[in-house]
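Encoded as structure tokens, the structure appears first; notes follow it.
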Amino acid sequence: MKNLEIARLFKLMADVLELKEDNVFRIRAYRRAAQNLESLSEDVKTLAREDRLDAIPGVGKDLAGKITEYLRTGRIRAIDRAAKKIPEGVVALMNVPGIGPKTAMRLSRKGITDVDRLEKAARAGRLRGLPGIQAKTEQSILRGIELVRAGQERMPLGRALPIARALADGLRRRRGVKEIAVAGSIRRGRETVGDIDLLVTSDQPRAVIEAFVTLPDAANVLEKGETKASIRHRDGIQVDLRVVEPECFGAALVYFTGSKQHNIRLREMALRKGLKISEYGVFRESSGKRTAGATEEEVYAAVGLPWIAPELREDSGELEAALAKRLPTLVGLADIRGDLHCHTRASDGHHTIEKLVGAARDRGYEYVAISDHSGSARVAGGLSIDELRAHVAKIRAVARASPDITVLAATECDILPDGSMDYPDEALADLDLVVAAVHSRFKQSRTEMTRRLCAALANPHVDVLAHPSGRLLGERGPYAFDLDRVLDTARRHDKALEINAYPTRLDLNDVQARRAHERGVLLAIDTDAHVLDHLAAMELGVMTARRAWVGKAEVVNTWPVKKLQAWARAHAP
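Residue numbers (numbering that gives the first Met the number 0): 0 to 572.
See below:
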């Protein structure tokens, strides 16, 4: 996964330039290129071979040259030279949310050169007195350290899933591989994963094991046996492989998908029927004879249950629902008819309206909403009212030229600290859809933030509340607010809360989305796309919704466009 390796180096360069107080546009260029490399669906090696590196948004001649240098030599000399000029540990300290370049340099001069020393100093109250650091700041730093450590221990699903699929694709073409599946917490759609589990059927296990441990992305081999092996991937995550016989593939898939508690409950049910379930199959306790195991359906049927979707296997009521024949029919990726939260060059996106509409059409969507930022989001190139009107005119023109897909004129409008909207009502009234979001003042009190979100949902022009908790996985925790009050307000006004599928957001998370589902609140699953590849993140949002027991009817962007438009119009006065 060279994409991720180069993205890490570009992020490092951006950090170094920020420490040097270099040109802000140069810093932004490195960060933007890193972000787009992380979400790129194509292998950067292929783009380089085909002389198409300039197809990556934000990558011009200079950065393309650095990518080529890395692919050729495994290094980027300019970044190596720049990093050597920075004191030890400073970049690592900057990874802690709340610590900027200047603070990191001050801490380094005080002998605090790693996260462990930083934590000890913060807990001892020894950071107070440094410019800008008070007791409250120390607590914020400690929370930031928790986020960093959680991010190091577990990888976001949006990064782990493509790695797992690339490994599976690499193995699928090797001799002896008959069937292959990604198992574990990735298959269950957990927002972060500790490792990657792969399962293969083969009558040549030794050949498969050898192929696995010699894959190009295997940094080192942790274990190598007759039917199982583990490697450390170049990106740092452990990958475990099991090779099983075809007649026990289903049982092994149940076992290695988990969750642990779901499997324990399943085994308990089997014991009451005189059966024993393991990764090798379902066996009669009395005779030891295998009665099932080739498919997951066989395994569940042996204990009197229908097949249970992997996303539900958390021992959170799914077994009881299966026994009572009340398992939900979950929303699927094929049910999604459009994306309601997408950005173009008008604000901080990287493509024209036409390109974005074409990409949505290629995905088979019935509609797409162009929802660029409002004026208060200055760092994201937010639009003034006059710019919005001109932008809407362009959207309408593209819509007229695109009769095979409905193009909706929308906005991601900032919710101001007092709960009012960044655009006046008369500007919002001209739009087909309004997506409202918080992008500032994250440290408001729980009461203030709750009031702010509820006020936005009560605005008759607002339709969807975007990334409702404001969190960024591994970077920023959620802001404080009363979820139940917000959900009750959304239901009362018939508004939708978003499951933002952007890989570092997944916001609402599965627990919050299930709470919304239980309270009868509508949801929208959107990608917050800034480049065309981001549209593929819809799958992550759908997995989150499935973990929340959400069905198709509850997701507004599974509705036909006329129903969606009627719902949005019904909010306006």
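Glycine is no exception: its CB is placed at the ideal position from the N, C-alpha and C atoms.
With contacts defined as CB atoms closer than 8 Å, E296 and R336 fail to qualify as a contacting pair.
For the options G235, V242, G97, the alpha carbon positioned closest to that of K223 is the one of V242.
Counting only unbroken stretches of 4 or more residues, the alpha helix (DSSP H) elements lying wholly within the stretch 109-140 are 114-122, in sequence order.
When DSSP reads this structure, N219 sits in a beta bridge with R231. Its chain contains A13, L16, E17 as the residues whose beta carbon lies nearer than 8 Å to that of I26, once the 5 sequence neighbours on both sides are disregarded; these appear in chain order.
The three-state secondary structure of D361, taken from DSSP, is helix.
Within the same chain, L170, V199, S201, V207 come within 7 Å of V176 by CB-CB distance, once the 5 residues on both sides are set aside. Annotation: the continuous alpha helix (DSSP H) that includes L486 extends over 482-491. The C-beta distance from H570 to P459 rounds to 5 Å, short enough to meet the 8 Å contact threshold. For L197, the secondary structure class from DSSP, reduced to helix, strand or coil, is strand. DSSP places E474 in no beta strand (DSSP E); its state is neither H nor E.
L46 sits in a helix when the DSSP states are folded into three classes. Taken through DSSP and simplified to helix, strand or coil, Q260 comes out as helix.
Under the three-state reduction of DSSP output, V433 falls in the strand class. In this chain, the alpha helix (DSSP H) harbouring H516 covers 509-517. Per DSSP, Y254 has no beta bridge partner at all. Counting along the chain, the unbroken beta strand (DSSP E) around L240 starts and ends at 237-243. Here V302 really is in contact with L274; their C-beta atoms are around 7 Å apart, less than 8 Å. Taking 8 Å as the cut-off, the Cβ atoms of N499 and D527 count as close. Residue pairing from DSSP places C412 in a beta bridge opposite A435. Residue pairing by DSSP places C341 opposite I369, A528 in a beta bridge.
Straight-line spacing of the CA atoms in D431 and R445 works out to 31 Å. Taking A163 as reference, the option from D493, R71, L240 with the minimal CA-CA separation is L240.
Beta bridge pairing from DSSP links M537 with no other residue. Residue pairing from DSSP places N499 in a beta bridge opposite D506, D525. M420 has I414 as its beta-bridge partners, per DSSP. With contact defined as three or more Cβ pairs closer than 8 Å, the stretch 477-496 and the stretch 516-523 are in contact. A residue is called buried when at least 16 other Cβ atoms come within 10 angstroms of its Cβ; V397 meets this threshold and is buried. Nearest Cα to T343 within the set K10, A359, L3: A359. Taken through DSSP and simplified to helix, strand or coil, E313 comes out as coil. About 36 Å separates the CB atoms of P572 and L539; that is not less than 8 Å, and the two are not in contact. The shortest C-alpha to C-alpha distance from R399 to any of V356, P416, P96, L382 is the one to V356. Among the bridge pairs identified by DSSP, M154 is matched with V192.
Looking at the backbone, the Cα of V253 and that of H232 are separated by about 24 Å.
Secondary structure of L304 (DSSP, three-state): coil. Of all alpha-carbon atoms in T405, R80, S139, D525, the one lying nearest the alpha-carbon of K562 is that of T405.
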